[in-house]
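Inspection log for the structure reproduced underneath, given as structure tokens.
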Amino acid sequence: MNAQKRLEIFTRLRAENPEPRTELYWTTPFELLIAVLLSAQATDVGVNKATAKLYPVANTPESILALGVEGLKEYIKTIGLYNTKAENVIKTCRMLIELHDSEIPQTREALEALPGVGRKTANVVLNTAFGQPTMAVDTHIFRVSNRTRIAPGKNVLEVEHKLMRHVPKEFLVDAHHWLILHGRYTCVARKPRCGSCVIEDLCEYKDKVDL
Ligand code: SF4
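First residue of the sequence shown? That's 1 in UniProt numbering, and the numbers climb one at a time after it.
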């Protein structure tokens, strides 16, 4: 795909949704970190339901640590993998208190050192809480990048690096939101909605449907 097409694609995605936001509920970087940590293999809606009950009771490292693993499980047991997630959240809270003055670190290395925090979670936090131009490549972004040929790659890291290289600078901070939303609602996994896609004429996918 050439640079002109990429520019046009992101111009249209931006026009559709000028200020894209994550669909996870959060008001502080700590709330965002915990919500993203809980969202692995779970839906944003499911996580939001759990945090809507948890955060009014505990939304700081100290208050969640005070709940303990068992106490925290009561709030998150509707979410997949909640046993492991509860343990990771409690360990993460302890590390934040002991090593970071209860603040969320703003570097990839420090974030990825927290239990349960991988590259994707670190990318989301750096981008969404701190405005850094990172690409948190999830299943939606991976699919859209490959189908459209914006940034084709065999694995998420390859796609991430290509997006960082090829997305025009002015769109870098918000690009991952636009791609996720496009994948979630239009370029869906089984049967993409090419007939109502705003970038259909620019997309290089060979098996378009619904036209
Ligand atoms: S035209 Fe179809 S395959 Fe291409 S981005 Fe749009 S929905 Fe996805």
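Yeah, the Cβ is synthetic: ideal placement off N, Cα and C, and Gly gets one too.
- Sequence-distant Cβ neighbours of Pro-61 in its own chain, meaning closer than 6 angstroms and more than five residues away, are Cys-93, Leu-96, Ile-97 and Ser-102.
- Burial state of Asp-138 is buried, judged by a 10 Å Cβ sphere holding 16 or more other Cβ atoms.
- A straight-line Cα-Cα distance of about 26 angstroms links Arg-190 and His-161.
- By the beta-carbon neighbour count (other beta carbons within 10 angstroms, threshold 16), Tyr-75 is buried.
- Cβ contact annotation for Phe-171 (same chain, cutoff 6 angstroms, sequence separation greater than five): Phe-10, in chain order.
- A Cβ-Cβ contact shorter than 7 angstroms links Arg-147 with Tyr-205.
- Between Ala-50 and Leu-32 a beta carbon distance of about 14 angstroms is seen, past the 8 angstroms cut, so the two are scored as non-contacting.
- A direct Cα-Cα distance of roughly 45 angstroms separates Leu-54 from Asp-201.
- At least one heavy atom of ligand 1 is found less than 6 angstroms from the C-beta of Lys-208.
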